Each structure stands twice: as C-alpha cells, then as structure tokens.
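Student: Please read through the structure below; I'll follow up with questions.
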Amino acid sequence: MAKLSLTDIKSGSLVSQVRDETVTFWHNGEECSVDIRIKQLPFIETESLFLRWGNKENVVSEWISKALVDDKGKTMFTQAQVENNFVQTLASAIFDMVWNADNIKKSMEKAKSKKDS
Numbered sequence: 000m001a002k003l004s005l006t007d008i009k010s011g012s013l014v015s016q017v018r019d020e021t022v023t024f025w026h027n028g029e030e031c032s033v034d035i036r037i038k039q040l041p042f043i044e045t046e047s048l049f050l051r052w053g054n055k056e057n058v059v060s061e062w063i064s065k066a067l068v069d070d071k072g073k074t075m076f077t078q079a080q081v082e083n084n085f086v087q088t089l090a091s092a093i094f095d096m097v098w099n100a101d102n103i104k105k106s107m108e109k110a111k112s113k114k115d116s
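Okay, so the sequence shown: first residue is 0 according to numbering that gives the first Met the number 0, each after it adds one.
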C-alpha cells in the first residue's frame, strides 16, 4: 500500500497524473485493443460530472474527452470527436478505465468482504 502525505496531496500531486492503459473491446466480431493515456482529473471536475451522470445527463463523452491525453498531457479528443468517432464498445471500455471502475469495484468488494467477516 502506498503511503501518501497530506502535504503532497495539498500540493496537488495526485491531480493530473497520467497513467498508461491498454483497453480491449469488441468490434466487428473481433477483439481489438488500443493503448491510451488517462489524466487524473481533479475532484471538482469529476464530482460535477458524476452528479450530472447521476441525474441521467449524458456526460460520458465529455468525461472521456477531458481524460484522454497525448504524450504531452494535452487532451486528444473533443467531446464531438468522441461522440462521432468512437463505437459504443470502445467508449464503454475506455470509460470504465477513465472512471476507474475496477478500482471502485475492488474497493466495494473489499468493504463487503470486511462486513461479511
């Protein structure tokens, strides 16, 4: 487990970190993959998107467009480009990575496992 200091967090060390991921998705009956770079968005931005999403507003393409970055940390796609150039399976697979669904699922499973013990 990584140990962080509040001083580092206060300085913004967690925000805008970029992680490399490989996303797999199905297209035309075959499994495809693409390497992506995801920038960690600040809480104020993700919380706003999350609340809008909870209110049934379609924010996935906007969220993806803000999080996918190039080698220099600059956004790669506009919201319109995500909406018009991505297929559903690709957008869903990337959004799971952007939203960090695996991390959230693991956290929920760990909490449930502790509760059941």
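Glycine residues also receive a C-beta, built at the ideal position from the N, C-alpha and C atoms. What you are looking at is a predicted structure, and each value in this text was computed from that prediction instead of being measured.
1) Contact between the stretch 52 to 62 and the stretch 26 to 34: three or more CB pairs below 8 Å?
2) In chain order, what residues of the same chain have a beta carbon less than 7 Å from the beta carbon of LEU40, not counting five sequence neighbours either side?
3) At the level of alpha carbons, what is the spacing between ALA92 and LEU3?
4) Does the distance from the CB of VAL14 to the CB of ARG36 come in under 8 Å?
5) Taking 8 Å as the limit between beta carbons, can you name the residues of its chain near THR21, skipping five residues before and five after?
Tutor: In terms of the structure at hand:
1) no
2) If we look at LEU40 and ignore the five residues flanking it on each side, its Cβ neighbours are LYS65, ALA66.
3) 29 Å
4) no
5) SER32, VAL33, ASP34, ILE35
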